[in-house]
Every structure is written in structure tokens, then in C-alpha cells.
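For the sequence shown, the positions run 19 to 154 when this note's numbering is used.
Just so you know, even glycine gets a beta-carbon here, dropped at the ideal spot from N, CA and C.
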Amino acid sequence: MSIQVAILKILASHVSGRATLDSLKHDLAILSSSGDDWHARIKRLASRVPELDIFSSFYVLRDVEGWQITSAGREFLQALEAVTQDNLSPTPTDESAIRAEGELIVVGHRFKNRMRTPRDPEQGVSPRCRPFREPH
Numbered sequence: 019m020s021i022q023v024a025i026l027k028i029l030a031s032h033v034s035g036r037a038t039l040d041s042l043k044h045d046l047a048i049l050s051s052s053g054d055d056w057h058a059r060i061k062r063l064a065s066r067v068p069e070l071d072i073f074s075s076f077y078v079l080r081d082v083e084g085w086q087i088t089s090a091g092r093e094f095l096q097a098l099e100a101v102t103q104d105n106l107s108p109t110p111t112d113e114s115a116i117r118a119e120g121e122l123i124v125v126g127h128r129f130k131n132r133m134r135t136p137r138d139p140e141q142g143v144s145p146r147c148r149p150f151r152e153p154h
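This is the structure in C-alpha cells:
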């Protein structure tokens with residue numbers, strides 16, 4: 019997990035964009051124990067920027083009151099998250115993308131030239147619609 023990407027995410031989640039060092043540590047501890055989804059997401063984001071340095075890039079400023087994300091840091095994070103695995107529509111798996119040859123799925127459409135059950139000329143009613151009669 020890239021700690022720097024995680025710090026950007028945490029600071030951006032604060033309304034003011036500012037947090038004390040203790041608050042950052044607390045948020046990082048909570049997020050690091052929140053499960054595999056968080057780790058996977060941060061890892062995917064960090065893999066796009068392996069040489070990231072949030073301080074030399076002026077994405078985060080440090081002072082005696084704490085750390086604060088800059089407008090450049092917010093823009094960078096927004097661009098980083100613009101297209102990731104997390105917000106792409108899911109792609110079908112190989113098995114679901116391949117259909118058996120000749121298989122057709124149509125929902126909500128009536129075909130005009132569909133095959134019909136032949137009618138019984140004596141009764142003029144389809145055998146499926148005939149009332150049940152017991153044999154004599």
C-alpha cells in the first residue's frame with residue numbers, strides 16, 4: 019500500500035483538507051484494518067504513480083498545526099482516480115462473453131413469423147386451449 023496515496027485520500031476526505039499528525043495516524047490505522055478492498059484500491063492507484071512524492075510535488079503542505087492537501091493535490095488525486103479498475107464498468111468474464119453457437123436471447127419481443135401449433139379443424143381451437151376430457 020502506498021502510504022502517500024492513502025494520505026492524499028484521507029486529507030481530501032476532510033472538509034478543510036487539513037488534519038493533525040495524530041488524526042492522520044488514527045485514520046490510517048482504521049483504514050489499514052478495514053480489509054482487502056481498501057488495500058487493493060490504494061495499491062491500484064499507487065501503481066499508476068510509483069515515483070510519487072506528495073511533498074516535493076507540493077500536493078501536501080506540512081506545518082506546526084498538521085498536514086493539508088493543496089488544490090494541486092486535490093486535482094492530482096481526482097485525475098488519478100478518473101479511470102481506475104474501481105470505476106470502470108465490469109467486463110464480462112470469458113465464460114459469460116462466449117455464447118453457444120446459434121443461441122439467441124430476446125426479451126420483450128414477439129416475432130411475427132413464429133411457428134404456431136396447428137388447430138384442430140373440428141373444434142377450431144388449438145390443442146393447448148382445449149378443455150380436458152376424460153377418455154370413455
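In this structure the segment 32 to 51 touches the segment 76 to 90; the number of beta carbon pairs closer than 8 Å is three or more. Taking C-alpha positions only, GLN22 is separated from PHE76 by approximately 12 Å.
The straight-line gap separating the alpha-carbon atoms of PHE73 and VAL33 is approximately 20 Å. Proximity to GLU99 across VAL78, ARG59, SER89 and LEU70 peaks at ARG59, based on C-alpha coordinates. The C-beta distance from ILE25 to LEU42 rounds to 7 Å, short enough to fall under 8 Å.
Following the DSSP letters along the chain, one finds LEU79 inside the beta strand (DSSP E) bounded by residues 78 to 81. The Cβ-Cβ distance between SER20 and ALA64 falls below 7 Å. Straight across, the Cα-Cα distance linking VAL67 with LYS27 is about 14 Å. For the alpha helix (DSSP H) assignment, the uninterrupted runs of no fewer than 4 residues enclosed by the segment 25 to 95 are, from N- to C-terminal side, 39 to 50 and 54 to 65.
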